[in-house]
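Residue numbering for the sequence shown follows the UniProt record's numbering, starting at 1 and increasing by one per position.
All C-beta atoms in this analysis are idealised placements derived from N, C-alpha and C, irrespective of residue type, glycine included.
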Amino acid sequence: MRIRAQASGDKATVRVRMAHEMESGQRKDAAGKTVPAWFIQEVTAHHNGRRVLTAEWGPSISKNPFFQFVVRGAKAGDKIALTWRDNKGDTRTDETTVA
Numbered sequence: 001m002r003i004r005a006q007a008s009g010d011k012a013t014v015r016v017r018m019a020h021e022m023e024s025g026q027r028k029d030a031a032g033k034t035v036p037a038w039f040i041q042e043v044t045a046h047h048n049g050r051r052v053l054t055a056e057w058g059p060s061i062s063k064n065p066f067f068q069f070v071v072r073g074a075k076a077g078d079k080i081a082l083t084w085r086d087n088k089g090d091t092r093t094d095e096t097t098v099a
């Protein structure tokens with residue numbers, strides 16, 4: 001994941017680019033076989049260890065999704081962590097410092 005967080009006043013705008021194939025399970029490959037579903041199901045964000053966001057996603061989200069949100073009360077130097085979990089049980093967590 002690529003995470004950027006920029007403070008402005010009493011909030012921070014967080015921008016995230018997630019590297020994930022996001023297969024819906026409805027596409028066929030060149031041989032005509034259905035490509036199995038593989039997509040992010042849950043995204044959580046933490047600000048200095050406190051959960052500030054939970055999102056439930058499905059197969060309609062695009063490949064390598066971009067996600068943006070605002071965290072109130074965040075300031076430069078704070079930590080923002082983002083975790084995703086996909087339908088195969090894989091997870092990834094990345095963290096950034098608010099600039």
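Report the residue from the options whose alpha carbon sits nearest the alpha carbon of residue i.
i, options, result
"Ile61", "Asp10, Gln6, Arg17 and Ile3", "Arg17"
"Phe69", "Gly77, Ala81, Pro59 and Lys63", "Ala81"
"Thr13", "Arg92, Arg72 and Asp94", "Arg72"
"Pro59", "Asn87, Thr96 and Thr93", "Asn87"
Starting from residue i, trace the beta strand (DSSP E) both ways and give me its first and last residue.
i, result
"Phe39", "Per DSSP, Phe39 belongs to no beta strand (DSSP E) and is neither H nor E."
Indicate whether residue i and residue j have their beta-carbon atoms separated by less than 8 Å.
i, j, result
"Gln41", "Ala99", "no"
"Ala37", "Glu23", "yes"
"His46", "Ala74", "no"
Suppose the cutoff is 8 Å on Cβ atoms and the five residues either side in sequence are ignored; what does the same chain contact list for residue i look like?
i, result
"Glu95", "Ile3, Lys79, Ile80, Ala81 and Leu82"
Ignore the nearest five residues each way along the sequence and tell me which others in residue i's own chain have a CB closer than 6 Å to its CB.
i, result
"His20", "Ile40"
"Arg15", "Arg4 and Gln68"
"Thr54", "Thr44"
Just to confirm my understanding: we take residue i, look at its own chain, exclude 5 residues before and 5 after, and list those with CB closer than 7 Å. What are they?
i, result
"Asp29", "Val35"
"Asp10", "Arg72 and Gly73"
Beta strand (DSSP E) segments (min. 3 residues) lying fully within the UniProt domain "Sulphur oxidation protein SoxZ" (3-96): 11-17, 40-47, 50-56, 66-72 and 79-86, all fully within the UniProt domain "Sulphur oxidation protein SoxZ" (3-96).
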